[in-house]
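Heads up, the thing below is written out as structure tokens.
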Amino acid sequence: DNDEWLVSRHMALATGMKQREVFSDPFPDEEKALAALQRLHDSWNNLHIVTKLHVKTAADVVRVFTQHIVQNGATCFYLDNLTALKHQLESKNDEMRTAARRSIAQLAEFADVFKVPLICLAHTNRAYMERTQGRSPPEIHDTAETADADRYVRLGLSIWQKGPELRVTINKNTAQGSTVGRT
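Residue numbering for the sequence shown is 66 to 248, as defined by our numbering.
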């Protein structure tokens, strides 16, 4: 998403306003809004936001993230949302699943080469909802656009809802390539 969305979302949460009203309507409590803006400024002081205007593919992400390591000394990266990447088909017989697999492999290689954490957020796929109706925890292969994501993803943190309760499941990729989950 664009960087304005990120700021307006956090301001809406901090001020109790609807997101569409932030920065378009007057703040009901100007002092509270100024304090929230100051907290955002202080906590995001060294944060560099790259949007889909700057990157579209995994190769773009690697190029821009590498630039931030060199120019800014960046030490940790977040990619929100992995499923928004455009995967590059290499031939007319190439499949999107295969292209997505290559994208994930590029991101994993980047993290390995530069020894930096790369945290990728992803939504669950349709197969997860069809299989579980959202009643059981997602597994690593339930995210991104490839059933092979668990070959490249080392740790998955799933946030999901069961009834009124919000639950967290951690899936760890073991050395044998299987995943172990704990809720």
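Backbone N, C-alpha and C define an ideal beta-carbon position, used for all residues, glycine too.
If you're wondering where the values come from, they're calculated on a predicted model, not measured in any experiment.
Beta-carbon gap between residue i and residue j smaller than 8 Å
i	j	result
A77	V87	yes
L147	L186	yes
T208	H188	yes
N236	E195	no
S89	A123	no
L118	L144	no
H133	L105	no
I114	L71	yes
A98	T80	yes
Residue i - partner residues in DSSP beta bridges
i	result
T44	In this structure the chain extends from 66 to 248, so residue 44 is not present and cannot be described.
Q171	In the DSSP output, where bridge partners are listed per residue, Q171 has none listed.
T131	Per DSSP, none; premise fails for T131.
F142	L183
Three-way DSSP call (helix, strand, coil) for residue i in this model
i	result
N137	helix
E95	helix
T208	strand
F88	coil
T51	Absent from the model: residue 51. The displayed extent of the chain is 66 to 248, so no value can be given.
R103	It is Gln, not Arg, that sits at residue 103 in the sequence shown. In this structure, Q103 counts as helix in the three-state DSSP scheme.
E230	strand
T80	helix
T189	strand
L112	coil
L71	helix
D125	helix
V159	Position check: residue 159 holds Asp in this sequence, whereas Val was assumed. Correct three-state label for D159: coil.
V120	coil
The ligand FMN heavy atom lying under 7 Å from the CB of residue i
i	result
F179	For the structure depicted, the ligand FMN is absent and the ligand set is empty, with no information on it obtainable.
Buried or exposed by the 16-neighbour rule on C-beta atoms within 10 Å, applied to residue i
i	result
A165	buried
S223	buried
M161	exposed
V127	buried
T140	exposed
S108	exposed
P202	buried
R221	Here residue 221 turns out to be Gly, not Arg, going by the sequence shown. Classification of G221: buried, given that the 10 Å Cβ count is 16 or more.
L172	buried
N260	The requested residue 260 is not part of the displayed model; the chain covers only 66 to 248.
T135	The identity of residue 135 in the sequence shown is Val, whereas the question assumes Thr. Its Cβ having fewer than 16 others within 10 Å, V135 is exposed.
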